[in-house]
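To start, the structure itself, in structure tokens.
2 protein chains.
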Amino acid sequence: MTNLIVQKYGGSSLGTLDQIKFVAKKIKKSLEDSSKIVIVVSAMGSTTDELVELGESFLKDNNEIENLRDFDQLLSTGEIISASLMSMALRKINVNVISLTGQKAGIFTDDLHGSARISSIDEKVILSELKNRDVVIVAGFQGVSEFGEVTTLGRGGSDTTAVALSSALNAIRCEIYTDVKGIYTADPRLVSDSKLISDISYDEMLEMASLGAKMHPRSIEIASINNVEMIIKHTKYESEGTKLSKNNIKMEIRNAVTGIPTSKGVSKITINNIDDKPGIASSIFLPLSKMGISVDVIVQTAGNDGKTNLSFTLDDKDLDSCVNELIKNNVSKKDFIRTQSGLGKVSIVGTGIQNQPGYASRMFETLSKNNINIEMITTSEIRITCIVKSDDLESAAKSLHKEFI
Amino acid sequence: MTNLIVQKYGGSSLGTLDQIKFVAKKIKKSLEDSSKIVIVVSAMGSTTDELVELGESFLKDNNEIENLRDFDQLLSTGEIISASLMSMALRKINVNVISLTGQKAGIFTDDLHGSARISSIDEKVILSELKNRDVVIVAGFQGVSEFGEVTTLGRGGSDTTAVALSSALNAIRCEIYTDVKGIYTADPRLVSDSKLISDISYDEMLEMASLGAKMHPRSIEIASINNVEMIIKHTKYESEGTKLSKNNIKMEIRNAVTGIPTSKGVSKITINNIDDKPGIASSIFLPLSKMGISVDVIVQTAGNDGKTNLSFTLDDKDLDSCVNELIKNNVSKKDFIRTQSGLGKVSIVGTGIQNQPGYASRMFETLSKNNINIEMITTSEIRITCIVKSDDLESAAKSLHKEFI
Numbered sequence: 001m002t003n004l005i006v007q008k009y010g011g012s013s014l015g016t017l018d019q020i021k022f023v024a025k026k027i028k029k030s031l032e033d034s035s036k037i038v039i040v041v042s043a044m045g046s047t048t049d050e051l052v053e054l055g056e057s058f059l060k061d062n063n064e065i066e067n068l069r070d071f072d073q074l075l076s077t078g079e080i081i082s083a084s085l086m087s088m089a090l091r092k093i094n095v096n097v098i099s100l101t102g103q104k105a106g107i108f109t110d111d112l113h114g115s116a117r118i119s120s121i122d123e124k125v126i127l128s129e130l131k132n133r134d135v136v137i138v139a140g141f142q143g144v145s146e147f148g149e150v151t152t153l154g155r156g157g158s159d160t161t162a163v164a165l166s167s168a169l170n171a172i173r174c175e176i177y178t179d180v181k182g183i184y185t186a187d188p189r190l191v192s193d194s195k196l197i198s199d200i201s202y203d204e205m206l207e208m209a210s211l212g213a214k215m216h217p218r219s220i221e222i223a224s225i226n227n228v229e230m231i232i233k234h235t236k237y238e239s240e241g242t243k244l245s246k247n248n249i250k251m252e253i254r255n256a257v258t259g260i261p262t263s264k265g266v267s268k269i270t271i272n273n274i275d276d277k278p279g280i281a282s283s284i285f286l287p288l289s290k291m292g293i294s295v296d297v298i299v300q301t302a303g304n305d306g307k308t309n310l311s312f313t314l315d316d317k318d319l320d321s322c323v324n325e326l327i328k329n330n331v332s333k334k335d336f337i338r339t340q341s342g343l344g345k346v347s348i349v350g351t352g353i354q355n356q357p358g359y360a361s362r363m364f365e366t367l368s369k370n371n372i373n374i375e376m377i378t379t380s381e382i383r384i385t386c387i388v389k390s391d392d393l394e395s396a397a398k399s400l401h402k403e404f405i
Numbered sequence: 001m002t003n004l005i006v007q008k009y010g011g012s013s014l015g016t017l018d019q020i021k022f023v024a025k026k027i028k029k030s031l032e033d034s035s036k037i038v039i040v041v042s043a044m045g046s047t048t049d050e051l052v053e054l055g056e057s058f059l060k061d062n063n064e065i066e067n068l069r070d071f072d073q074l075l076s077t078g079e080i081i082s083a084s085l086m087s088m089a090l091r092k093i094n095v096n097v098i099s100l101t102g103q104k105a106g107i108f109t110d111d112l113h114g115s116a117r118i119s120s121i122d123e124k125v126i127l128s129e130l131k132n133r134d135v136v137i138v139a140g141f142q143g144v145s146e147f148g149e150v151t152t153l154g155r156g157g158s159d160t161t162a163v164a165l166s167s168a169l170n171a172i173r174c175e176i177y178t179d180v181k182g183i184y185t186a187d188p189r190l191v192s193d194s195k196l197i198s199d200i201s202y203d204e205m206l207e208m209a210s211l212g213a214k215m216h217p218r219s220i221e222i223a224s225i226n227n228v229e230m231i232i233k234h235t236k237y238e239s240e241g242t243k244l245s246k247n248n249i250k251m252e253i254r255n256a257v258t259g260i261p262t263s264k265g266v267s268k269i270t271i272n273n274i275d276d277k278p279g280i281a282s283s284i285f286l287p288l289s290k291m292g293i294s295v296d297v298i299v300q301t302a303g304n305d306g307k308t309n310l311s312f313t314l315d316d317k318d319l320d321s322c323v324n325e326l327i328k329n330n331v332s333k334k335d336f337i338r339t340q341s342g343l344g345k346v347s348i349v350g351t352g353i354q355n356q357p358g359y360a361s362r363m364f365e366t367l368s369k370n371n372i373n374i375e376m377i378t379t380s381e382i383r384i385t386c387i388v389k390s391d392d393l394e395s396a397a398k399s400l401h402k403e404f405i
């Protein structure tokens, strides 16, 4: 459909009735530029947290499929509430609008309850509604499985709903409205002279998203695959925002580092004296993934006598349950497990990194000059990440920002 | 299905997670007597009130169908939340259970959003689930219209869901669990020696329900038409409860009055000097019903010169908007409208009343002896109702209870 845009509003933009009224006016104003708009909404404020808290008291140690199905049915109500209210708010100011649940909007997913993936979208549903209406509101974060069960896409899933709808409906743009003005070169709370990035490639954003900036990584993947033009903007304050698109090639790359993402709350587990044989890694990480423990940086080093050492990082909050699980699964005796918490992660990200050597050594040198010890290192084609002590994170971000940006 | 019972739990029984756990244990215990149970749940505690408050800020003066449709979609989430949680709570204590929204349970309604009526139930859905499970939880208060839209049945609609399911599934009994032990001969807060009624007929209950006892009147109608055996019990305290069934015929009727229902918060509007011509009543009451103003006792008396006087009672809260509506619709000039608030309603109810004369005069005499002035009188086959001053309500209930019970 020509001239169609998709807008997504996050929970922090919809925390109160006044905020909903504000967004409704904003959407009405957008109709001056676009004749048809599809709106994706998250749950109001902390609604999802509250629902999770209610459900988790019955969820612990009981992750069978039917329980996750009930849990999804529970969580999906948050977005249905905000979609219904947003529709009523727009109708009150005379916008021709209707709201749809994810299921009614024809968003089909697999049946991985709690972290379902969108398998297809029946675009005819929304296109048919748009024939008679100017705005269609869709409850984000949710879909329906082939068994007719409500599913949810995992935390931040409304971003993915918005991008997937943009692709299916062939929208000219997907606008993500949130509580920041866009993506910065570093966390502004740590680095006061960090700058707003006006253009960023999907690949760079993918690294930024998973390393601190609040975007659902899968939404970036889908945008990248389907070449959806995305723009991240502040709901309340006018700004150019940060535009995501396929190519961020500039004729002259003056500085290859796009941003310095950071994150706190990292713990490290090291397991020593593991038998160095095939299948050992999966025997460690499979039970963890089943428990929903997300493991990040993994480093394996050779030991002696057919033994190996393995270190990995994870969220502080998962540290205790992870250690218990490792001992329960006989992966290692307690004596061989070392843990360290109070760590942080700092990265340099940029498409230029893969083409030009020397970035790694410049990064390590900068940290060293500032007396920051590097605990672990990991790299991708467009990113170099160091694990450092949490207390060193601010100084690391500042010095790297100064060096590269 | 043989041995199937339906249980309904009201919002006051599901206010907290601890209450939900308590009810889950209670349901598990019920499985010792019944091999299959269908549970209908209301929204937790005051959830519906909170959702109504959210929605009403956008609903005022905007009652078009699509707004009511969004509003229903909003309100339906309350029962979906409690159904999901109850299912998870039962599964945690090893009950084989699944939860369904009203829509998934095959509850079809007309499209009168906000006060939809159940048109049919596809009983195969729940019966099929019960083949492999012991308990099916159904979100009360909701269904789906022929257009595939979520509808709600109006306040207290979960009672109606429970009775309609009992009828469709041919359950042996419909148990309504609430925060009182059953139906009393009078309001225990007014009459300290009021007694629990062990057996009551549908007709009597219908009069009791609409006159104070908390039951959705339509649930009683459906129970009566389909001869569903209902029992009203306290969720927390063991008691025999009050049993509703078709025939409450005793061999020797010692006292024909079953109960003395009372209610407060009644206002009266009198319109004088109305043209006494056909259609005048509908010209008054049609706009009021469109506004959702419920009118109760109506009395018309002849006036002079082709003019007539008409009085009716309504909820205190509707008084001002009703007067405004009457003037707006040119029903009457302001000068001819008299209002009176601070009234109450007291009735005697019993199947015996229709067969034996003298109840009305005994009632009026009792009130008169206690210096209670009667403002209006209305009667049905099994009920005599007097409108009195609110301040006289307690003394009226006490003296009538003493006289008749």
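Those protein sequences? They're chains A and B, same order as listed. Be aware that the first sequence starts at 1, since it is given in the numbering used here, and climbs by one per residue. Be aware that the second sequence starts at 1, since it is given in the numbering used here, and climbs by one per residue. Don't be surprised by glycine CBs; every beta carbon is placed ideally from N, CA and C.
Any chain B beta carbon closer than 8 angstroms to residue i
| i | result |
| --- | --- |
| Met88/A | yes |
| Asp111/A | no |
Cross-chain neighbours of residue i in chain B, by beta carbon under 7 angstroms
| i | result |
| --- | --- |
| Phe58/A | Leu85, Met88, Ala89, Lys92 |
Near the ligand GTP: residue i beta-carbon under 7 angstroms from a heavy atom
| i | result |
| --- | --- |
| Ala281/B | This structure does not include the ligand GTP; it has no bound ligands of any sort. |
Three-state secondary structure assigned by DSSP to residue i
| i | result |
| --- | --- |
| Asp296/A | strand |
| Ile372/A | coil |
| Asn227/B | coil |
| Leu196/A | strand |
| Asn3/A | coil |
| Arg254/B | Unreliable positioning characterises Arg254/B in this predicted model, as indicated by a pLDDT of 48, which lies under 50. A coordinate reading is not provided. |
| Gln73/B | helix |
| Asp111/B | coil |
| Lys290/B | helix |
| Tyr9/A | strand |
| Thr351/A | helix |
| Arg383/B | strand |
| Leu343/B | strand |
| Ile220/A | helix |
| Phe312/A | strand |
Residues that residue i contacts on chain B, provided the C-beta gap is smaller than 8 angstroms
| i | result |
| --- | --- |
| Gly55/A | Ser84, Leu85, Met88 |
| Ile81/A | Leu51, Leu54, Leu74, Thr77 |
Run of the alpha helix (DSSP H) containing residue i, from where it starts to where it stops
| i | result |
| --- | --- |
| Val95/A | Note, Val95/A: premise wrong, no alpha helix (DSSP H); not H, not E. |
| Lys328/A | 319-328 |
| Ala24/B | 17-30 |
| Thr161/B | 157-168 |
| Asp49/B | 47-59 |
| Lys131/B | 123-132 |
| Lys398/A | 393-404 |
CB contact below 8 angstroms: residue i versus chain A
| i | result |
| --- | --- |
| Leu17/B | yes |
| Thr77/B | yes |
| Leu4/B | no |
Test item: CB-CB of residue i and residue j under 8 angstroms
| i | j | result |
| --- | --- | --- |
| Ile65/A | Ser99/A | no |
| Leu310/B | Gln300/B | yes |
| Thr101/B | Ile80/B | yes |
| Ala233/A | Tyr177/A | The sequence given here places Lys at residue 233/A; Ala does not occur at that position. Yes, the pair counts as a contact, with Cβ atoms nearer than the cut-off. |
| Gly259/A | Ala360/A | no |
| Ile197/B | Gly182/B | yes |
| Ile73/A | Ser84/B | Per the sequence shown, the amino acid found at residue 73/A is Gln instead of Ile. Taking 8 angstroms as the Cβ cut-off, Gln73/A and Ser84/B qualify as a contacting pair. |
| Val23/A | Ser158/A | no |
| Phe312/B | Ile298/B | yes |
9 angstroms Cβ cut-off: residues of chain A touching residue i
| i | result |
| --- | --- |
| Ile98/B | Glu66, Arg69, Asp70 |
Residue span of the beta strand (DSSP E) that contains residue i, given as start and end
| i | result |
| --- | --- |
| Val266/A | 262-275 |
| Arg173/A | 173-178 |
| Gln103/A | Unbroken run through Gln103/A: none, as it is neither H nor E. |
According to a CB-to-CB cut-off of less than 8 angstroms, which residues of the segment 380-393 of chain A neighbour chain E? Within the model displayed, chain E is absent; protein chains A and B are what it includes.
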